[in-house]
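The numbering of the sequence shown is this note's numbering, which starts it at 559 and goes up by one.
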Amino acid sequence: DKYIIRWYMNYNSRHGEFNRRDSFITYTTINSNGSVISANSSIEAFIWNSKDFNRIFFKSVVSNLIPVHEYSFQIHIKFDRSVNYITSNTYYFISPASYNDNVTIITSGDMGTSQQAYHMSQQVTTLATESYSNGTKSVITMWGGDLAYANNMEACYLRWDNWFHMISTMRINSNSSIFNNNTNNNNNNNNNNNTTVQFLLPMILSIGNHEGGLAVPISNVNFYYRFFTDYYFNSLNPLNSTQTQFLTTLRTDYGAYEIGNNIIFNLDSGISSNVDGEQLEWMKSKMKEYREWEMKERKRIRFYTLYHIPVFGTERDTELVEVEEMRKEWPKVFEENGVEMCFENHE
559 DKYIIRWYMN YNSRHGEFNR RDSFITYTTI NSNGSVISAN SSIEAFIWNS
609 KDFNRIFFKS VVSNLIPVHE YSFQIHIKFD RSVNYITSNT YYFISPASYN
659 DNVTIITSGD MGTSQQAYHM SQQVTTLATE SYSNGTKSVI TMWGGDLAYA
709 NNMEACYLRW DNWFHMISTM RINSNSSIFN NNTNNNNNNN NNNNTTVQFL
759 LPMILSIGNH EGGLAVPISN VNFYYRFFTD YYFNSLNPLN STQTQFLTTL
809 RTDYGAYEIG NNIIFNLDSG ISSNVDGEQL EWMKSKMKEY REWEMKERKR
859 IRFYTLYHIP VFGTERDTEL VEVEEMRKEW PKVFEENGVE MCFENHE
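Here it is in structure tokens:
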């Protein structure tokens, strides 16, 4: 019943400190009887000062969402030396599916920002819009690593900017939104004052070797963990733990996502986490936990996995130590727990 919204912007010290107390996101929906439901969510931030750029990264959690419902949101940011708020445009999303809702999953990987990648982004918009129009309201995207091909180099930050620009064009376009009567944009293509509302697509992302390398500590991965995880947000407040405890207990390079009656296990194929050890034990424990819940509730759930480097590749890197370790353990765990499909990438 929640989403995490992340974004970033250029930062100048003349703005002053980020004012967390007075910054917020407002998110709104309209229920079945026409009543407006609105709530606010706080915003967290951290600053990355690089020799090539200064950026501030933001995160907000919008929760208690009505399943498969249309929402709008607007961001309001306050800095100590600024009198006025920085206020965003209005954006739209569709809340996560509940257990009984159908879900469409669109997945790919090894993207970059070439002409072919932009063509793919147009295809994603077409597929997502068709799915929504045909009655499957919950559409998510999964990207299996090697996203911007910035190769973990700070000087290649513009590749990430281009990738985010491309990703932002992937939307669900709807002419029958509950917000039609309250939306005013430049996409009005008919005579009835109906407007096209563009819904952002939620993303699940897996780390690839072009984000970090292989067997690279999280702290040495420049972009991925700043953009897509809580690692740097948590590191600002390490909960009175030692750094070693923090890195062990607050890892963010793998996890499980509940999408309707589907559980997506997003795994790290040896980029920042060993494929055995802690990650393997976590995967076994989590899958067991879900299967026990399934038996108790008598509800069917489906397991899928997403990761970058294939367990049984066909072209390259088939003899990597990480691949050999995956082959020893991962297929057995997948089979014992009824994983229905593995989404692999890299080739």
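Ideal Cβ placement from N, Cα and C applies to all residues, glycine included.
For LYS886, the closest of MET899, PHE870 and GLY896 by C-alpha to C-alpha distance is PHE870. Rounded to whole angstroms, the separation of the alpha carbons of LEU763 and LYS609 is 27 angstroms. Around the C-beta of GLU905, fewer than 16 other C-beta atoms lie within 10 Å, and the residue is accordingly described as exposed. Excluding residues up to 5 positions away in sequence, THR662 and VAL697 lie with their Cβ nearer than 7 angstroms to the Cβ of SER689 in the same chain. The region 815-825 and the region 840-850 touch, with no fewer than 3 CB-CB distances between them shorter than 8 angstroms.
At a Cβ-Cβ threshold of 8 angstroms, TRP606 and PHE615 count as neighbours.
Per DSSP, the continuous beta strand (DSSP E) segment holding ILE583 begins and ends at 582-588.
Excluding its 5 nearest sequence neighbours in each direction, HIS768 has C-beta neighbours in its own chain below 6 angstroms: ASP704, TYR707 and ASN709, listed in chain order.
Apart from the 5 residues on each side of it in sequence, TYR848 sits with its Cβ closer than 7 angstroms to the Cβ of ILE821 and ILE859 in its chain, given in chain order.
Here PHE576 is bridged, per DSSP, to PHE637. For the set TYR650, PHE576 and SER646, the Cα lying nearest the Cα of ARG639 is the one of PHE576.
Around the beta-carbon of MET853, fewer than 16 other beta-carbon atoms lie within 10 Å, marking it exposed.
Burial state of ARG579 is exposed, judged by a 10 Å Cβ sphere holding fewer than 16 other Cβ atoms. Boundaries of the alpha helix (DSSP H) around GLU847: 836-855.
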